[in-house]
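Numbering (UniProt numbering), first residue to last: 1 to 112. Encoded as structure tokens, the structure appears first; notes follow it.
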């Protein structure tokens with residue numbers, strides 16, 4: 001499915017409603033950060049977002065401007081995923097291909 005401005009605003013409307021239903025969340029204090037994809041930064045999308053996140057929107061064509069590749073704005077991209085990968089592979093688990101090769105090798109040994 002291709003995301004265009006109309007679809008993006010449909011998703012954001014659902015997000016906005018869900019955010020309002022969460023207890024302990026004050027939407028008037030929440031910041032919103034997004035990337036610079038065209039549907040996200042269309043005039044219509046930015047108008048919608050600025051109405052809901054005035055002075056609390058981080059995006060291309062906004063103030064503050066979206067800073068791509070910034071470790072300050074994207075800690076999961078620069079820390080979390082590497083940390084998780086290191087911990088998942090700490091015991092060098094086999095990949096699904098390695099597991100299937102071992103299984104096929106065992107079945108060939110039994111049939112021989």
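Just so you know, even glycine gets a beta-carbon here, dropped at the ideal spot from N, CA and C. These numbers were taken from a predicted model, which means no experiment stands behind them.
Quick one: using the 10 Å Cβ neighbour count with 16 as the cut-off for buried, is residue 53 buried or exposed?
Position 53 of the chain shown, counted from the start, is the residue given in the question as residue 53. It is buried - the Cβ of residue 53 has at least 16 other Cβ atoms within 10 Å.
Other residues of its chain near residue 3: CB distance less than 6 Å, five sequence neighbours each side excluded
Residue mapping note: residue 3 aligns to position 3 of the chain shown, counting from 1. So the qualifying residues of the chain are 39.
Residue 58 and residue 30: beta carbons closer than 7 Å?
As a working mapping, residue 58 is identified with position 58 in the chain shown. As a working mapping, residue 30 is identified with position 30 in the chain shown. No, these two residues do not count as a Cβ contact at 7 Å.
In angstroms, rounded to a whole number, what distance separates the CA positions of residue 1 and residue 8?
On the chain shown, position 1 is the one that residue 1 refers to. On the chain shown, position 8 is the one that residue 8 refers to. Going from the Cα of residue 1 to the Cα of residue 8 covers about 11 Å.
Do you know whose CA, among 84, 35, 45, lies nearest residue 13's CA?
Residue numbering aside, residue 13 sits at position 13 when the chain shown is read from its first letter. Among 84, 35, 45, the Cα nearest to that of residue 13 belongs to 45.
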